[in-house]
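**Student:** So the sequence lines, in the order shown, correspond to chains A and B. Residue numbers for the first sequence follow my numbering, so the first one is 1 and each next one is one higher. Residue numbers for the second sequence follow my numbering, so the first one is 1001 and each next one is one higher. The C-beta atom is built at its ideal place from N, Cα and C for all residues, glycine as well. Note that the structure is a prediction, hence the values are computed from the model and not measured.
Number of protein chains: 2
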Amino acid sequence: MQPITGSGVAKIVDSGNPAFEVGDLVYGMTGWEEYSLINNPQGLFKIHHTDVPLSYYTGILGMPGLTAYDGFYELCSPKKGEYVFVSAAAGAVGQLVGQFAKLMGCYVVGSAGSKEKVDLLKSKFGFDNAFNYKEEHDLNAALKRYFPQGIDIYFENVGGKTLDAVLLNMRVRGRIAVCGMISQYNLDPPDGVTNLMHIVYSRVRIEGFAVSDYVDQYSKFLDFMLPHIREGKIVYIEDIAEGLEKGPSALVGLFGGHNVGKQVLLVARE
Amino acid sequence: MQPITGSGVAKIVDSGNPAFEVGDLVYGMTGWEEYSLINNPQGLFKIHHTDVPLSYYTGILGMPGLTAYDGFYELCSPKKGEYVFVSAAAGAVGQLVGQFAKLMGCYVVGSAGSKEKVDLLKSKFGFDNAFNYKEEHDLNAALKRYFPQGIDIYFENVGGKTLDAVLLNMRVRGRIAVCGMISQYNLDPPDGVTNLMHIVYSRVRIEGFAVSDYVDQYSKFLDFMLPHIREGKIVYIEDIAEGLEKGPSALVGLFGGHNVGKQVLLVARE
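#1: When you compare the CB of A/G180 with every CB in chain B, is at least one pair closer than 8 Å?
#2: Taking Cβ-Cβ distances shorter than 8 Å, what residues in chain B pair up with A/G159?
#3: Quick one: measure Cβ to Cβ for A/S59 and A/A92, integer angstroms, because I've assumed they're closer than 8 Å.
#4: Roughly how many whole angstroms lie between the Cα atoms of B/K1102 and B/G1126?
#5: Under 8 Å between the Cβ atoms of B/Y1035 and B/I1047?
#6: Is it the case that the Cβ atoms of A/S87 and A/S111 are separated by a distance below 8 Å?
#7: Output yes if chain A places a C-beta closer than 8 Å to the C-beta of B/E1207; else output no.
#8: Cβ closer than 8 Å: which chain B residues qualify as neighbours of A/G192?
#9: If you measure between the beta carbons of A/F151 and A/V166, is that distance less than 8 Å?
#10: Which same chain residues, not among the five before or five after B/E1082, have their C-beta less than 7 Å away from its C-beta?
#11: Any Cβ of chain A within less than 8 Å of the Cβ of B/S1202?
#12: Can you find a heavy atom of the ligand PLP that lies under 7 Å from the Cβ of B/M1170?
#13: Can you look up B/S1055 in the DSSP assignment and give me helix, strand or coil?
#14: Quick check on DSSP: helix, strand or coil for B/Y1035?
#15: So which residues on chain A does B/A1210 lean against when the C-beta distance must stay under 7 Å?
#16: Would you tell me roughly how many angstroms separate the C-alpha atoms of A/N40 and A/T30, rounded to the nearest one?
#17: Write down the C-beta distance between A/L265 and A/L61 rounded to the nearest angstrom, noting that I regard them as a contact closer than 8 Å.
#18: Whole angstroms are fine: how far does the CA of A/P3 sit from the CA of A/I12?
#19: Under 8 Å Cβ-Cβ, which residues of chain B neighbour A/D213?
#20: Quick one: does B/Q1217 have its CB under 8 Å from some CB of chain A?
#21: Beta strand (DSSP E) containing B/V1084: first to last residue?
#22: Can you give me the C-alpha to C-alpha distance between A/K79 and A/M197, rounded to a whole angstrom?
#23: If I'm right that B/G1113 touches B/G1261 with Cβ under 8 Å, what's the distance once you round it to whole angstroms?
#24: Got a sec, what are the start and stop residues for the alpha helix (DSSP H) B/A1010 sits in?
#25: How would you write the range of the alpha helix (DSSP H) that B/K1124 sits in, first residue to last?
#26: First and last residue of the beta strand (DSSP E) that includes B/A1241?
#27: Taking only beta-carbon atoms, is A/Q184 less than 8 Å away from chain B?
#28: On a CA-only basis, which of A/I234, A/N259, A/L168 is nearest A/G65? Give me that one, please.
#29: Within 8 Å, do at least three Cβ pairs link the region 1185-1200 of chain B to the region 197-208 of chain A?
#30: Any idea which residues DSSP pairs B/V1235 with across the strands?
#31: Among A/N17, A/N132, A/D128, A/E33, which residue has its Cα nearest to the Cα of A/P248?
#32: Can you grab the Cα-Cα spacing for the pair A/A130 / A/D119, in whole Å?
#33: Just to check my reading of the structure: B/Q1095 and B/I1237 have Cβ atoms closer than 8 Å, yes? What is that Cβ distance to the nearest angstrom?
#34: At the level of alpha carbons, what is the spacing between A/L271 and A/Q263?
#35: Less than 7 Å between C-beta atoms, sequence neighbours within five positions excluded: which residues of the same chain meet that for A/N157?
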């Protein structure tokens, strides 16, 4: 049986490939297991900078980081002073998007599913404001409260009712980068979105993307991120579950929003 | 009371503006009336080419033509050999988009609401195929029949259930230009669109637009269109209602799909 795979960090203990030597630290797709046999080294990258936590290469310095970077800078075409909304804002990608938006001089508001996460967004990640979507029975009214001028950029992680309310509040030539729709994956049928006419009214662009289309930008991304992390200008939170046996409950917890920050499963320390 | 306005063709019978002389033919926003007082001449353009029917300036050579041109060439980024679907394909904009797609070397299928329109799409406008959406109880199955390889470009004029079925059939990096959603304007609530997750799965771009953002491209557009019309490489169909009193029923007829081609109201002959 194939193991479940995920974005992992590992140390090479044996290698038949001259590009990887015993002792090298790497990140990429690994199995949920103590030892992995990797036959497809194209998906494996050497770690050259170890002055940051190695787990960062599963998140802020890995695919979630690159996702936030390309989704925001490439798809959203942000400009200083624009109004940015991020859903699932306390997640691995959302927390970065909000910080990128602040670095760009935007006004940014995030939504999340608990008071703890909302507090983090404001106190730790520098969001201008944040709200708990579970406490808002009228999302349209909530967005109008936080964005009286409307929304230029929406970084979409959840879909469904949130997207429907956002559409009512998009400014002319607004942009929506669709990173995910986590509220919808387990719904059958998914929520019906009724306000798509606003795509025409406000000439909105909605675009889905996959980080796999941007891997050639990784070194540019790393050059941007490392100094910001070292200088504390970009911060990051992980939710570390320790022990392989915690994997299933940590995975299921994602869909209930139990994690605060990037969910990491610690299998073994170096 | 303000008259209803629309895209019209008129002759100047009096002018206090040196840019317009008595006898000039113009097109632009005019009233539904025999004589119009135009105080806002920025929206008025002189007609310099009269070897084509003057009514064309309300359609193929006016805003609908520019809409089709920019929507297709700018927003859809078409490439030779791509698969193109056009809804409301027999309308003023749709019939042009299909012909542009054929000029580009694409495969193009249109949907319309009557056998007469479907026949026109195939016999007159050169669509590779066409179908009557009213006869398809399963739009997803219909699209899979006409697009076994999927859809690269969808030119959206109708919204609702058609959009929902199209989303299931978009190819990776497909593009949807949203020109209008005529099936939805009079629905309360509008249809819920449930397949938006495919924006992520297939990295689809959806973009709304307004021709008013592209008026600076008008002369380039005219240079492209006139030779194609003169050489018969682009054809055009109008549905002319004669007499100002026919205006209301012609307008209402649009929402029931009664028109075949661009609906024109003939108020007076030159």
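**Tutor:** Short version:
#1: Taking the first residue of the first sequence as position 1, residue 180 of chain A is located at position 180. True, the Cβ-Cβ gap to chain B drops below 8 Å.
#2: As a working note, residue 159 of chain A is residue 159 in the first sequence. Here the neighbours are L1196, M1197.
#3: Taking the first residue of the first sequence as 1, we reach residue 59 of chain A at position 59. Taking the first residue of the first sequence as 1, we reach residue 92 of chain A at position 92. Just to set this straight, residue 59 of chain A is Gly in the shown sequence, not Ser. Taking a contact as a CB-CB distance under 8 Å, the pair A/G59 and A/A92 counts as one, their CB atoms being some 5 Å apart.
#4: In the second sequence, counting from the first residue as 1, residue 1102 of chain B sits at position 102. In the second sequence, counting from the first residue as 1, residue 1126 of chain B sits at position 126. So the two alpha carbons sit approximately 7 Å from each other.
#5: One-based indexing of the second sequence puts residue 1035 of chain B at position 35. One-based indexing of the second sequence puts residue 1047 of chain B at position 47. Cβ atoms of B/Y1035 and B/I1047: not closer than 8 Å.
#6: What you label residue 87 of chain A is simply residue 87 of the first sequence in a count that begins at 1. What you label residue 111 of chain A is simply residue 111 of the first sequence in a count that begins at 1. Yes, they are a contact pair.
#7: As a working note, residue 1207 of chain B is residue 207 in the second sequence. Taking Cβ atoms only, chain A reaches closer than 8 Å to B/E1207, which makes this a yes.
#8: Within the first sequence, the letter at position 192 stands for residue 192 of chain A. Here the neighbours are D1191, G1192, V1193, T1194.
#9: For the purposes of this step, residue 151 of chain A is taken as the residue at position 151 of the first sequence. For the purposes of this step, residue 166 of chain A is taken as the residue at position 166 of the first sequence. Here residue 151 of chain A turns out to be Ile, not Phe, going by the sequence shown. At a Cβ-Cβ threshold of 8 Å, A/I151 and A/V166 count as neighbours.
#10: Along the second sequence, read from residue 1 onward, the residue named residue 1082 of chain B stands at position 82. Sequence-distant Cβ neighbours of B/E1082 in its own chain, meaning closer than 7 Å and more than five residues away, are C1106, D1152, I1153.
#11: Looking up residue 1202 of chain B in the second sequence gives position 202. At least one C-beta of chain A is nearer than 8 Å to the C-beta of B/S1202.
#12: No copy of the ligand PLP occurs in the structure displayed, which carries no ligand at all.
#13: As a working note, residue 1055 of chain B is residue 55 in the second sequence. In the three-state scheme derived from DSSP, where H, G and I count as helix and E and B as strand, B/S1055 is classed as helix.
#14: Counting from 1 along the second sequence, the entry for residue 1035 of chain B is found at position 35. It is coil, neither helix nor strand.
#15: Indexing the second sequence from 1 puts residue 1210 of chain B at position 210. Those are R203, listed as they occur along chain A.
#16: In the first sequence, counting from the first residue as 1, residue 40 of chain A sits at position 40. In the first sequence, counting from the first residue as 1, residue 30 of chain A sits at position 30. For A/N40 and A/T30, the distance between alpha carbons rounds to 10 Å.
#17: Translated into positions along the first sequence, residue 265 of chain A becomes position 265. Translated into positions along the first sequence, residue 61 of chain A becomes position 61. The Cβ separation is near 17 Å, so there is no contact.
#18: The residue labelled residue 12 of chain A in the question sits at position 12 within the first sequence. The residue labelled residue 3 of chain A in the question sits at position 3 within the first sequence. Cα to Cα, the separation comes out at about 18 Å.
#19: Working through the first sequence from its first residue, we reach residue 213 of chain A at position 213. Residues of chain B passing the Cβ test: R1203.
#20: As a position in the second sequence, residue 1217 of chain B is number 217, starting the count at 1. Not one chain A Cβ lies under 8 Å of B/Q1217.
#21: Along the second sequence, one-based indexing puts residue 1084 of chain B at 84. Here the beta strand (DSSP E) through B/V1084 covers 1083-1086.
#22: The count along the first sequence starts at 1 and reaches residue 79 of chain A at position 79. The count along the first sequence starts at 1 and reaches residue 197 of chain A at position 197. Linking A/K79 to A/M197 through their CA atoms gives a straight-line distance of about 25 Å.
#23: By 1-based counting over the second sequence, the position of residue 1113 of chain B is 113. By 1-based counting over the second sequence, the position of residue 1261 of chain B is 261. 13 Å between Cβ atoms; not a contact.
#24: Start at 1 with the first residue of the second sequence, and residue 1010 of chain B comes out as number 10. Per DSSP, B/A1010 lies in no alpha helix (DSSP H) segment; the continuous beta strand (DSSP E) that holds it begins and ends at 1005-1011.
#25: Within the second sequence, the letter at position 124 stands for residue 1124 of chain B. Note, B/K1124: premise wrong, no alpha helix (DSSP H); not H, not E.
#26: The count along the second sequence starts at 1 and reaches residue 1241 of chain B at position 241. From DSSP, the beta strand (DSSP E) with B/A1241 extends over 1238-1242.
#27: In the first sequence, residue 184 of chain A corresponds to position 184, counting from 1. Interface residue (Cβ-Cβ distance to chain B less than 8 Å): A/Q184 is classified as such.
#28: Here residue 65 of chain A refers to the residue found at position 65 of the first sequence. If we check each option's Cα against that of A/G65, A/I234 comes out closest.
#29: Yes, the region 197-208 of chain A is in contact with the region 1185-1200 of chain B.
#30: Within the second sequence, the letter at position 235 stands for residue 1235 of chain B. According to DSSP, which records beta bridges pairwise, B/V1235 is partnered with nothing at all.
#31: Residue 248 of chain A sits at position 248 when you count from the first residue of the first sequence. That would be A/E33, whose Cα lies nearest to the Cα of A/P248.
#32: For the purposes of this step, residue 130 of chain A is identified with residue 130 of the first sequence, where counting begins at 1. For the purposes of this step, residue 119 of chain A is identified with residue 119 of the first sequence, where counting begins at 1. The alpha-carbon atoms of A/A130 and A/D119 are separated by roughly 8 Å.
#33: Taking the second sequence and counting its residues from 1, the one referred to as residue 1095 of chain B is at position 95. Taking the second sequence and counting its residues from 1, the one referred to as residue 1237 of chain B is at position 237. About 7 Å separates the two Cβ atoms, so the contact holds.
#34: Residue 271 of chain A falls outside the range modelled here, since chain A spans only 1 to 270, and no answer is possible.
#35: Taking the first sequence and counting its residues from 1, the one referred to as residue 157 of chain A is at position 157. Close CB contacts of A/N157 within its chain, under the 7 Å cut and outside five residues either way in sequence, are with S87, A88, G91, V93, G94, C179, G180, I182 (chain order).
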